[in-house]
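If you read the protein sequences in the order shown, they are chains A and E.
Sequential numbering from 11 applies to the first sequence in my numbering.
Sequential numbering from 23 applies to the second sequence in my numbering.
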Amino acid sequence: MKLSSDSAVAATPSIVPTSQNHSAPSLLLRAFAPLHRTAMGVAWGVAAGGLLAIVTLVLLIRGTDEALTAGSLLAQFLWGYSVSWHGILIGLLWGFALGFVLGYGFAVVRNTAVWLWLTVIRSRAEMDQYSDFLDHL
Amino acid sequence: MDTHEEQLEHAVILLNGKLLGIVLGFLSGAGLFLATNFLLLKGGPHVGAHLGLLSNFFPGYRVTFFGSIVGFCYMFVVGLIIGTVLGAVYNKVAQA
Numbered sequence: 011m012k013l014s015s016d017s018a019v020a021a022t023p024s025i026v027p028t029s030q031n032h033s034a035p036s037l038l039l040r041a042f043a044p045l046h047r048t049a050m051g052v053a054w055g056v057a058a059g060g061l062l063a064i065v066t067l068v069l070l071i072r073g074t075d076e077a078l079t080a081g082s083l084l085a086q087f088l089w090g091y092s093v094s095w096h097g098i099l100i101g102l103l104w105g106f107a108l109g110f111v112l113g114y115g116f117a118v119v120r121n122t123a124v125w126l127w128l129t130v131i132r133s134r135a136e137m138d139q140y141s142d143f144l145d146h147l
Numbered sequence: 023m024d025t026h027e028e029q030l031e032h033a034v035i036l037l038n039g040k041l042l043g044i045v046l047g048f049l050s051g052a053g054l055f056l057a058t059n060f061l062l063l064k065g066g067p068h069v070g071a072h073l074g075l076l077s078n079f080f081p082g083y084r085v086t087f088f089g090s091i092v093g094f095c096y097m098f099v100v101g102l103i104i105g106t107v108l109g110a111v112y113n114k115v116a117q118a
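Okay, here's the thing in structure tokens:
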């Protein structure tokens, strides 16, 4: 199985330097290690909150009717949000909250999918191992 | 043996922020490029009336073929920044 080298693995309490360590356990860690759910939630939250705040700021600075109308459409979904200085903070909070939920959910789904995949692989391996069990009786 | 199993139990994956940024940038850029050209090919009386609102954020962007290239560049930069931030924040929190 070819393993991608675009990610590293952190094992508490120390970080495993996978770029220098190509032992079998290290490769297994790199292939099957789960995503950190809270970290993913915070990362998405920061990115989404920052993006929404910047978008609001740009709309506010431009200040055209078209820009204000486009921005205010977000208020249909985000309670309390408006294209205003106050709205930048509200947008930041809403963006963080939504981003956190999305990121956390993404990590949970990804980790569950990997767990299910591993369970299937393990079950198949066990079945292969014991398929000729009766032949030896 | 035990330490390896413990490691596997407690390990979390880290992200390569630069690579994530490039991938996100390319995907988002390609998305806007394709969406713009799809609307152009579809035609109609008001081509890209809604997508054109992006020019509020991206000066120079229009729903034209040249605009799709400009939009690709803008979205690539936005995706690159978002991906890099995602990777950096994730790694920081995961290692904390």
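Glycine included, C-beta positions come from ideal geometry on N, C-alpha and C.
- Note on geometry: alpha-carbon atoms of VAL111(E) and ARG47(A) lie some 13 angstroms from one another.
- Separation of PRO67(E) and THR58(E) (C-alpha to C-alpha, rounded to the nearest whole angstrom) is 15 angstroms.
- Burial check for TRP104(A): the Cβ neighbour count within 10 Å reaches 16 or more, so the residue is buried.
- In this structure, DSSP gives ALA118(E) a state outside helix and strand, which the three-state scheme calls coil.
- The bridge partners DSSP lists for ALA123(A) come to none.
- Here VAL69(E) carries a coil assignment [DSSP, helix/strand/coil].
- When the five nearest sequence neighbours on each side are left out, the beta carbons in the same chain lying within less than 7 angstroms of the beta carbon of GLY97(A) are those of THR66 and TYR91, in order along the chain.
- Note on PHE98(E): 16 or more other CB atoms within 10 angstroms of its CB, so buried under the neighbour-count rule.
- Closer than 7 angstroms at the C-beta level to chain A, one finds these residues of the stretch 99 to 112 of chain E: ILE104, VAL107, LEU108, VAL111 and TYR112.
- With respect to ALA58(A), GLY109(A) sits close: the two C-beta atoms are nearer than 8 angstroms.
- Using a 10 angstroms sphere on the CB of PHE87(E), the tally of other CB atoms stays under 16, which defines it as exposed.
- Closer than 8 angstroms to the CB of LEU54(E) there is not a single CB belonging to chain A.
- Between VAL115(E) and ALA53(A), the C-beta spacing is below 8 angstroms.
- GLY105(E) is a Cβ neighbour of LEU42(E), given a cutoff of 8 angstroms.
- Within the same chain, and ignoring the five residues on either side of PHE42(A) in sequence, the residues whose Cβ sits closer than 8 angstroms to its Cβ are VAL124 and LEU128.
- The beta carbon of GLY113(A) lies closer than 7 angstroms to those of MET50, GLY51, ALA53, TRP54 and GLY55 in the same chain, with the five residues before and after it left out.
- Proximity of ALA123(A) to chain E, defined by a Cβ-Cβ separation below 8 angstroms, is not satisfied.
- Take the alpha-carbon of ALA33(E) and the one of LEU61(E): they are about 46 angstroms apart.
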